[in-house]
Amino acid sequence: MPRSILIPIDFRIESLNTLKFALSHHADQDVVVVLVYAVALTMSITDLLFYSRERMRTAYSTPAFEEALAILKNKHASIVKRIVVEPFHGVTQSAFASFIEARCVEEAYVPRRYRLAVMERGFDILPYIRKSALSVHEVDWDIRSDACGRDDLDSLFSNTPGLDPV
56 MPRSILIPID FRIESLNTLK FALSHHADQD VVVVLVYAVA LTMSITDLLF YSRERMRTAY
116 STPAFEEALA ILKNKHASIV KRIVVEPFHG VTQSAFASFI EARCVEEAYV PRRYRLAVME
176 RGFDILPYIR KSALSVHEVD WDIRSDACGR DDLDSLFSNT PGLDPV
């Protein structure tokens with residue numbers, strides 16, 4: 056049975072360094088990856104009626120991010136059974152507990168020094184992850200000062216992440 060892992064993202068290529076490390080850490084085991092981003096729903100009835108997770112993902116994602124994700128998935132095709140990108144819309148810890156239970160998530164990998172960018176209507180999901188019952192692993196990698204703000208494939212494949220358990 057594949058192991059299910061949760062990784063927060065911000066749709067910047069550099070946030071995939073956490074995924075890169077998690078996949079290399081599970082090189083001998085099949086995994087299902089849940090990439091999660093936190094965004095609040097609007098209270099507009101029209102927005103809720105026409106809500107689409109795929110449309111929301113398309114609004115936040117970039118072609119470069121999707122390409123980097125595809126490269127990582129192909130590179131680790133032997134162990135990756137599935138990668139899903141899911142929004143978290145909850146506002147309570149119990150909503151997050153339900154979210155991870157519904158997806159059968161067993162552990163989470165979070166960045167240590169890298170700060171996830173908060174998107175429009177977004178919020179920081181890291182406190183929810185850290186307070187959860189998940190086994191949480193912090194991943195640290197060298198954030199080069201000249202790479203700050205860059206969103207290219209080089210920033211993903213030039214860093215060497217390391218693991219520090221929380």
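The opening position of the sequence shown corresponds to residue 56 in our numbering, with each subsequent residue numbered one higher.
Glycine included, every Cβ here is placed at the ideal spot set by N, Cα and C.
Would you mind stating whether residue i and residue j have Cβ atoms separated by less than 8 Å?
i, j, result
"residue 61", "residue 155", "yes"
"residue 57", "residue 181", "no"
"residue 78", "residue 127", "yes"
"residue 174", "residue 92", "yes"
"residue 138", "residue 90", "yes"
"residue 165", "residue 76", "no"
"residue 87", "residue 112", "no"
"residue 142", "residue 170", "no"
What did DSSP end up calling residue i once you bin it into helix, strand or coil?
i, result
"residue 166", "strand"
"residue 70", "helix"
"residue 254", "There is no way to answer for residue 254, as the model of the chain reaches only from 56 to 221."
"residue 133", "coil"
"residue 59", "strand"
"residue 154", "helix"
"residue 143", "strand"
"residue 64", "coil"
Measuring straight from C-alpha to C-alpha, what distance separates residue i and residue j?
i, j, result
"residue 95", "residue 82", "35 Å"
"residue 117", "residue 67", "8 Å"
"residue 131", "residue 71", "13 Å"
"residue 201", "residue 102", "With a pLDDT of 43 at residue 201, under the threshold of 50, the modelled position of that residue is not reliable, and no figure is offered here."
"residue 115", "residue 184", "21 Å"
"residue 120", "residue 144", "22 Å"
"residue 172", "residue 84", "30 Å"
"residue 157", "residue 151", "10 Å"
"residue 168", "residue 178", "17 Å"
"residue 136", "residue 104", "32 Å"
"residue 129", "residue 122", "10 Å"
"residue 147", "residue 69", "28 Å"
"residue 196", "residue 176", "28 Å"
Is the region 149 to 164 touching the region 185 to 193, taking contact as three or more C-beta pairs under 8 Å?
yes
For the region 96 to 130, which segments carrying the alpha helix (DSSP H) assignment without a break, of at least 4 residues, lie completely within its bounds, in sequence order?
100 to 104, 108 to 115 and 118 to 130
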